[in-house]
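One structure is given below, encoded as structure tokens.
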Amino acid sequence: MNTLQDVMTASVITITPDAPVSKALEIMEQKKISSLVVEKDNKPLGIFTERALIQLRVHGDIDYARPIHRVMSSPPFTAPVDMDYREAYQLLLNHRIRHLVVTDTQGHLVGIVTGTDFLTHLGLEYFMEFKRVGQVMMRDVLSLAPSATAFNAMKLMYDRRVSSLVIEQNGCPEGIVTERDLLRLIRAKMQLQQVRLQQVMSQPVQTIFSDVSSHKAAKVLQEKGLRRLVVINSSGQCVGIITETDLIKGLRTSYTDHLKEVINHQARQLQRVRKQMEEAEILDSMLQSAGEIAIAIMDLDFHILLHNQEAVRFYGADVDDLTGQDSTVFLRNGGMLAPFNQALATARKNGKCEFVLRQKRNNAVHYLATTLFSIHDRRKNDTGFGLIALDITSQKQHELSLQAERDFSRKIINAAPSIICSISQEGAIRFINPAGERLTGYSTEELLNKNWQDYFQAGETAPDRDLLQKFQKNDVRGLEVELKTKDGTLRDISWSSVTRFGDKKSSCETLILGNDITEIKKAFQEIEKKKQEIEEANIALRVMLDQHTKTKETIEEHISVRLKSLVTPYLDLLRQSAATEQQAETINIITAHIDSIAGSFSPKSKEILLGLSPRESLIADLVRQGKTSKDAADIIGISVRTVETYRNNLRKKLGINNQKISLRTYLSTHFSR
């Protein structure tokens, strides 16, 4: 950044010379700007500002239809676009102006520079670190009571050439009236002699403490889009006002003077640290090698004398150098002041206090393992305090997560229907869940530190004295042991075990899980009994079904023989003697119905109805099995041509002759056995 090209606001708002004053006021209020450049043919002819408007109004009523070129300041203060920005801001200060019109080599308008632009782009924040608001603010604050009129305020601002007035009540700022507020009232054509300041003042007032750095004040102005801040003390009373211009004036010192001030300041701080701690060399080495550990040295008033970079993160500060800052301000902002004060009381008494601070930073919670200790001189007099902190957020989160897992596991164990108990290497019960109490009838107090076998292997069966060794040496699964409860009831328990071994591969604890399978075993026995009964019933049913099938086939064969011998011959005679087509059709219908009835008969009955000879029945069976004509000829001992003849006869008797129907498929579908 070297010239005004890098600093100026290029999108300057302009107005033509012939435009009326009312139009200028409308643009300034809508755009919320403090000045308008009057230009023609892209050349600046003048400038019209809020202060010029107040000057017009003080001297009488305003002619809103008057052309702007009649009331503008002309010629405007201009600077070439290639002017060094340091020279430009010095020009602005020397002429006590707030706007500098920027032109090119031909005099054409290219932009405008204001105090706000310099604060944003000058890049001198580092030199402001060693200046407080109280050093650069204007102490002679002009103020009025809320009951004063807007005209009184305007007159006072014009006479004293100030851009704002503080509205005070009992020494405390209640509001503020600026040139922009008056512009709004003048444009609305209000009777300023009748308007009270309490009706039009801007409130609440944006305030700042006098011991805050100028850098911080400049940052607030930029972030809030303001041009001034009211300065107050700890009691909330107004002690001054600081504007953009005041901040720029605070930078008028030459670079050499600033550098000298920085060097002298650091020298003073170093001298104070050396005076308070003769071990400064050791401390400096600690600071350089501390890594992720935050270290800060404070005086008795808690002003930071020395710190490392990690301490900046600890305090949550927005600057790199905290030297000279009041550390309690950062602690208060971070919500850590209360626990810090408690630790401080302990440190004063015992010389040291170790505690964990809970800090909220960037919408996340951080845990800081902190040590606060007193610093003494050789006479044991307190000279200050030291603070060491380490971010243990990940460790704390791991502990919280682990504790949550333990709590969840405990809930699962307590809610489990199975017995869960832990036994020592000697067999003593170390832990048992509520299910163990419910199933045994013994309370936890009765079972703890007792031998497991005395209570859980006390059934009618002979106890296995090697059972504990089985559990401890191997992971047992589904070992059934009979349990006798406190009231004498016998229960069947299925046990499983998991053993945890120590460093020397010896068992140190065995976890045993027992499921009560008494009801399951009873149910299983009942199922086996029912299964046997069902199997016996199935055998009887199969015998009955076989008998029924045989009886059914016998009846069907009997009916088939009767139909073949008694009914079919007469139907053939009737068909031959039918006198009319109607009679022949009737006979065909009767025949079709008889075939339909016989269609549900067994395959053997169907063969009887078809009048198949024994040789035709044999050929039909072989075809149904998928045998070819050659295969059938070889099996029966006849020629292939004879087999083909039998196959054609079968197609005719089945009624599928001259149809594209597979004989094998038809036989498999209608004559399956």
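According to the working numbering, the residues represented by the sequence shown are 581 to 1253, in order. Idealized CB from N, CA, C, for every residue including glycine.
{"Asked": "Residue span of the beta strand (DSSP E) that contains Glu1292, given as start and end", "Found": "No information on residue 1292 is available, as it lies outside the stretch 581 to 1253 that the chain covers here."}
{"Asked": "Sequence-distant residues of the same chain with beta carbon closer than 7 Å to Asp971, five excluded per side", "Found": "Glu872, His946, Leu948"}
{"Asked": "Residue from Gly691, Ile1236, Arg1231, Asn1095 whose Cα sits closest to the Cα of Lys623", "Found": "Gly691"}
{"Asked": "Cβ-Cβ distance between Val810 and Val746 below 8 Å", "Found": "yes"}
{"Asked": "Residue burial classification, Ile1119 (beta-carbon count within 10 angstroms, cutoff 16)", "Found": "exposed"}
{"Asked": "Pair within 8 Å by beta-carbon distance, Pro726 and Ile648", "Found": "no"}
{"Asked": "Pair within 8 Å by beta-carbon distance, Ile642 and Leu616", "Found": "no"}
{"Asked": "Lys711 and Ser790 closer than 8 Å at C-beta", "Found": "no"}
{"Asked": "DSSP three-state assignment for Tyr669, whether helix, strand or coil", "Found": "helix"}
{"Asked": "Where Lys932 sits in the DSSP three-state scheme", "Found": "strand"}
{"Asked": "Coil, strand or helix - Leu1048 by DSSP", "Found": "helix"}
{"Asked": "Under the three-state DSSP convention, the category Thr583 falls into", "Found": "strand"}
{"Asked": "Cβ-based burial, Glu630 [other Cβ within 10 Å; buried from 16]", "Found": "buried"}
{"Asked": "Beta-carbon contacts of Asn1031 that lie in its chain and below 6 Å, excluding the five residues immediately before and after", "Found": "Gly1007"}
{"Asked": "Buried versus exposed, by CB contacts within 10 Å (16 or more), Ala1117", "Found": "exposed"}
{"Asked": "Span of the beta strand (DSSP E), counted from its first residue to its last, around Leu772", "Found": "No beta strand (DSSP E) holds Leu772; DSSP gives it neither H nor E."}
{"Asked": "Residues that DSSP places opposite Ile627 in a beta bridge", "Found": "Val617, Ser653"}
{"Asked": "Within 8 Å, strictly: CB atoms of Pro609 and Arg808", "Found": "The question names Pro, yet the displayed sequence has Glu at residue 609. For Glu609 and Arg808, no; Cβs fall outside 8 Å."}
{"Asked": "Reduced DSSP secondary structure (H/G/I, E/B, other) of Thr1065", "Found": "coil"}
{"Asked": "Extent of the continuous beta strand (DSSP E) run through Ser1296", "Found": "This structure leaves residue 1296 out entirely; the chain is present only between 581 and 1253."}
{"Asked": "Contact under 8 Å by Cβ, Asn1229 with Glu1196", "Found": "yes"}
{"Asked": "Counted within 10 angstroms of its Cβ, other Cβ atoms place Thr1269 as buried (16 or more) or exposed", "Found": "Only positions 581 to 1253 of the chain appear in the structure, and residue 1269 is not among them; the question remains open."}
{"Asked": "Nearest residue (CA-CA) to Gly626, options Met770, Thr658, Ser743", "Found": "Thr658"}
{"Asked": "Ile677 (DSSP reduced to helix, strand or coil)", "Found": "coil"}
{"Asked": "Exposure label - Thr596; buried when at least 16 CB within 10 Å", "Found": "exposed"}
{"Asked": "Beta strand (DSSP E) segment containing Pro997, residue limits", "Found": "Segment: none, Pro997 is in no beta strand (DSSP E) and carries neither H nor E."}
{"Asked": "Expected contact under 8 Å - CB spacing of Gly896 and Phe882 to nearest Å", "Found": "With a Cβ gap of about 16 Å, Gly896 and Phe882 do not count as contacting."}
{"Asked": "Rounded C-alpha distance that separates Lys840 from Leu636", "Found": "With a pLDDT of only 47 at Lys840, under the threshold of 50, the placement of this residue in the model should not be trusted; the figure read from the coordinates follows. So the two alpha carbons sit approximately 47 Å from each other."}
{"Asked": "Nearest neighbour of Lys769, chosen from Trp1075, Ala730, Val792 [CA to CA]", "Found": "Ala730"}
{"Asked": "Rounded Cβ spacing between Ile576 and Met737 (contact assumed at less than 8 Å)", "Found": "For the chain, the structure presents residues 581 to 1253; residue 576 sits outside this window and is missing."}
{"Asked": "Alpha-carbon spacing of Asp586 relative to Gln802, whole angstroms", "Found": "18 Å"}
{"Asked": "First through last residue of the alpha helix (DSSP H) which encompasses Arg808", "Found": "No alpha helix (DSSP H) contains Arg808, which is instead part of the beta strand (DSSP E) from 808-812."}
{"Asked": "For Gln939, the residue or residues it bridges with in DSSP", "Found": "His946"}
{"Asked": "Contacts around Ala923, its chain only, beta-carbon distance under 6 Å, and the 5 residues preceding and following it disregarded", "Found": "Cys933, Phe935, Leu952"}
{"Asked": "C-alpha gap between Gln1052 and Leu1063, whole angstroms", "Found": "20 Å"}
{"Asked": "Simplified DSSP state of Glu803, which is helix, strand or coil", "Found": "helix"}
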